[in-house]
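Contents: one structure, followed by commentary.
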Amino acid sequence: MQDLFEEKANKERTKNAPLAERLRPRQLSDFIGQRKIMGRGKTLESLIRSGRPQSLIFWGPPGTGKTTLALLIAQHTQAHFVHFSAVTSGVKEVRQTINQAQDRLKFESKQTILFVDEIHRFNKTQQDGFLPFVEDGTIILIGATTENPGFALTAPLQSRSRIFIFEALEENEILRILKRATEKFPQHKFKKTALKFIAHEAEGDARAALNILELTLNLTKNLVTSDVVKKAVQKKGIYFDKKGDYHYDTISAFIKSMRGGSADGALYWLARMIEAGEDPRFIARRMVIFASEDVGNADPHALTLANSCFQAVANIGYPEARIILGQVVVYLSEAPKSNASYLAIEKALETVRTKRIGEVPKHLRNAPTKLAKSMGYGADYQYPHNYEGAVVEQSFLPENLASEKFYQPKNVGFEKKIIEREREREKTISERIDNDKCPKGLDGK
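According to the numbering used here, the sequence shown is numbered sequentially starting from 908.
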């Protein structure tokens, strides 16, 4: 009787499940998308059809077929399938599932496919906890993640799994899924423009497309048009996990657009972050770093402006912060660029870390006492303000590093003037040498 009740409960759950779940493909031939890895002769499909499953990692955005393929693998290999969420489950559930898998293998000679959704949510210890059971064949682990496995998963787990990359579906693939779904609703008529609009709004996410379709069907009893779809959608949600790859990908695109001098590109990515609810202080903080690292002394005002932007958005917040961010993003995008200062400090740090640490030259040392003076501290130091043009021929590096050159200004923006000043300094020193003048201070010393 328990089995009958359980079967009835399962049917009821399926009936009330979201449309995306009810229409999930039940066989490989019904699967749409991922043409690089799925299809006759393609790597993943060949692996599935071989009937010899192995541990896998599916990496890609939501709604691209990761869960569906895991189910199809279990079906094709006749293995027991366990769907496990790293968000809602913990160590206790993992142990229970592993124990059941061990019993299943021992008493039924049946393997267990353990599908762990959002596996990146598990910490290092939890991830490595699967390894012994993967190695002894107790479970076949299939992990799904939206995060880069190279960063989100432990090296041992990666080495024991094959990683497959899932890509966002193309609009024509979403359309095929939608058309198949419409066959389940003969009482409705669907305008082609409405389905195309849904496919466009879904942005490669099949689950999102079917959810939009389901919302739309609740708003009309017969004809589905673009206007009805727009009412269902209202406002497009932007996928932007503040701790995940999409977060950092968007920031990266934002920075690279400013670096490339594209105000339009930078404004677009800025708008994406604003709409997704990104903290304006985080955006402004990256702009301050950019102003120094990528604009640098080509436009020294950029850093001041970026810092003012940070203070302003911290005080004001949204929605007005968008105006300040937009203004400064345009300025930074259009400003001349130089990373010379950034490269200079990096080279200086590398020198300190890798080369012999020389002594501070005696002429650069402080001499606050008679003893220090008697030891030659401060001797022969040339005070620049006592010399014409404040130019002196004097080394300011340890003796073993005297020939090092860290700062190499670029011939752009304000750094052009810095180059001119360096040339003038060299010219002044050269003329003194040519005239055989050991420059004395203006005070005659």
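Cβ coordinates follow ideal geometry from the N, Cα and C atoms, glycine included.
Just so it is clear, the structure is predicted and the values come from calculations on it, not from any experiment.
Do the region 990-1009 and the region 1019-1033 meet, that is, are 3 or more Cβ pairs less than 8 Å apart? With contact defined as three or more Cβ pairs closer than 8 Å, the region 990-1009 and the region 1019-1033 are in contact.
Which of helix, strand or coil DSSP assigns to A993: Against the sequence shown, residue 993 aligns to sequence position 86. Under the three-state reduction of DSSP, A993 is assigned to coil, being neither helix nor strand.
Excluding the 5 residues preceding and the 5 following T1335 in the sequence, name in chain order all residues of the same chain whose CB lies nearer than 7 Å to its CB. Indexing the sequence shown from 1 puts residue 1335 at position 428. Once the five neighbours on either side are set aside, the close Cβ partners of T1335 are G1296, V1298.
I'd like the list of long-range same chain contacts for A1286, defined as Cβ closer than 7 Å, with 5 residues on each side in sequence excluded. As a first step, residue 1286 is located in the sequence shown; it is residue number 379 there, counting from the start. Taken in chain order, the residues that qualify are K1269, H1270.
Verify whether the separation of the beta carbon atoms of P925 and N1125 is less than 8 Å. Within the sequence shown, numbered from 1, the residue matching residue 925 stands at position 18. Within the sequence shown, numbered from 1, the residue matching residue 1125 stands at position 218. It is not a contact, given that the beta carbons lie outside the stated cut-off.
So T984 packs on G948, CB below 8 Å; how close in whole Å? Taking the sequence shown and counting its residues from 1, one reaches residue 984 at position 77. Taking the sequence shown and counting its residues from 1, one reaches residue 948 at position 41. Contact doesn't hold; Cβ gap of about 19 Å is too wide.
Should F1303 and N1204 be called a contact, given that it needs their Cβ atoms to be closer than 8 Å? Against the sequence shown, residue 1303 aligns to sequence position 396. Against the sequence shown, residue 1204 aligns to sequence position 297. Not a contact, by the Cβ cut-off of 8 Å.
Helix, strand or coil for G1203, going by three-state DSSP, please let me know. Mapped onto the sequence shown, residue 1203 falls at position 296. The DSSP-derived three-state label of G1203 is helix.
Does DSSP put A927 in a helix, a strand or coil? Residue mapping note: residue 927 aligns to position 20 of the sequence shown, counting from 1. A927: helix per DSSP, three-state reduction.
Return helix, strand or coil for F1217, following the three-state DSSP convention. For the purposes of this step, residue 1217 is taken as residue 310 along the sequence shown, with counting starting at 1. F1217: helix per DSSP, three-state reduction.
Quick one: Cα of F1037 to Cα of R1188, how far? Indexing the sequence shown from 1 puts residue 1037 at position 130. Indexing the sequence shown from 1 puts residue 1188 at position 281. Put simply, the backbone Cα of F1037 is about 39 Å away from that of R1188.
If we ignore side chains and look at the alpha-carbon of each, how far apart do R1114 and V1236 end up? Your numbering for residue 1114 matches position 207 in the sequence shown. Your numbering for residue 1236 matches position 329 in the sequence shown. Looking at the two C-alpha atoms, the distance is approximately 35 Å.
Determine whether the beta carbon atoms of I964 and P1063 lie at a separation below 8 Å. Sequence index remark: in the sequence shown, residue 964 carries index 57 (1-based). Sequence index remark: in the sequence shown, residue 1063 carries index 156 (1-based). In this structure, P1063 does not lie closer than 8 Å to I964 by Cβ.
Expected contact under 8 Å - CB spacing of P1243 and D1201 to nearest Å: Residue mapping note: residue 1243 aligns to position 336 of the sequence shown, counting from 1. Residue mapping note: residue 1201 aligns to position 294 of the sequence shown, counting from 1. No, P1243 and D1201 are not in contact; Cβ-Cβ is about 10 Å, not under 8 Å.
Can you tell me whether I1070 is helix, strand or coil according to DSSP? Against the sequence shown, residue 1070 aligns to sequence position 163. Three-state result, I1070: strand.
Taking the straight line between their C-alpha atoms, what separation do you get for T1053 and S1215? Taking the sequence shown and counting its residues from 1, one reaches residue 1053 at position 146. Taking the sequence shown and counting its residues from 1, one reaches residue 1215 at position 308. Straight-line Cα distance between these residues: approximately 36 Å.
Close beta carbons around A981, own chain, < 6 Å, minus the five adjacent residues each side: Residue 981 sits at position 74 when you count from the first residue of the sequence shown. Here the set comprises F988, I1020.
Could you say if the region 1012-1029 and the region 1044-1052 meet the contact criterion of at least three C-beta pairs nearer than 8 Å? With a cut-off of 8 Å, the region 1044-1052 and the region 1012-1029 count as touching, because enough Cβ pairs lie within range.
Quick check on DSSP: helix, strand or coil for G970? Mapped onto the sequence shown, residue 970 falls at position 63. If DSSP states are grouped into helix, strand and coil, G970 belongs with coil.
Residues near A993 by beta carbon distance below 7 Å, same chain, minus five either side: Position 86 of the sequence shown, counted from the start, is the residue given in the question as residue 993. Once the five neighbours on either side are set aside, the close Cβ partners of A993 are V1023, D1024, E1025, I1026, R1028, F1029.
Taking the straight line between their C-alpha atoms, what separation do you get for Q1018 and A1251? Within the sequence shown, residue 1018 is the residue found at index 111, counting from 1. Within the sequence shown, residue 1251 is the residue found at index 344, counting from 1. Going by the C-alpha atoms only, they are around 59 Å apart.
Nearest by alpha-carbon distance to P969: which of K1324, E1074, A1191 is it? For this step, residue 969 is matched to residue 62 along the sequence shown. Cα-wise, what sits closest to P969 is E1074.
If you check the beta carbons only, do G972 and F938 fall under 8 Å apart? In the sequence shown, residue 972 corresponds to position 65, counting from 1. In the sequence shown, residue 938 corresponds to position 31, counting from 1. Yes, Cβ-Cβ distance for G972 and F938 is below 8 Å.
Check the C-beta distance from R1229 over to I1264 and give it rounded, since I have them as a contact under 8 Å. On the sequence shown, position 322 is the one that residue 1229 refers to. On the sequence shown, position 357 is the one that residue 1264 refers to. Rounded, the Cβ-Cβ distance is 49 Å, inconsistent with contact.
Option in L1120, A1219, S1016 with minimal Cα separation from A1092: Position 185 of the sequence shown, counting from 1, holds the residue named residue 1092. The question names Ala, but residue 1092 is Phe in the sequence shown. Nearest C-alpha to F1092: L1120.
Where A1116 and N1079 are concerned, what is the direct C-alpha to C-alpha distance, given to the nearest angstrom? By 1-based counting over the sequence shown, the position of residue 1116 is 209. By 1-based counting over the sequence shown, the position of residue 1079 is 172. Near 12 Å, if we compare the C-alpha coordinates of N1079 and A1116.
For the alpha helix (DSSP H) containing F1022, list its first residue and its last residue. In the sequence shown, the residue the question calls residue 1022 occupies position 115. Segment 1019-1024 is the beta strand (DSSP E) holding F1022; no alpha helix (DSSP H) there.
Quick check: the Cα distance between R1328 and A1191, rounded to an integer number of angstroms? Here residue 1328 is taken as the residue at index 421 of the sequence shown, counted from 1. Here residue 1191 is taken as the residue at index 284 of the sequence shown, counted from 1. If I take the Cα positions, the gap works out to 33 Å.
Going by the CB atoms, is the gap between Y1288 and N1273 shorter than 8 Å? Residue 1273 sits at position 366 when you count from the first residue of the sequence shown. Residue 1288 sits at position 381 when you count from the first residue of the sequence shown. Against a cut-off of 8 Å, the Cβ pair of Y1288 and N1273 comes out as no contact.
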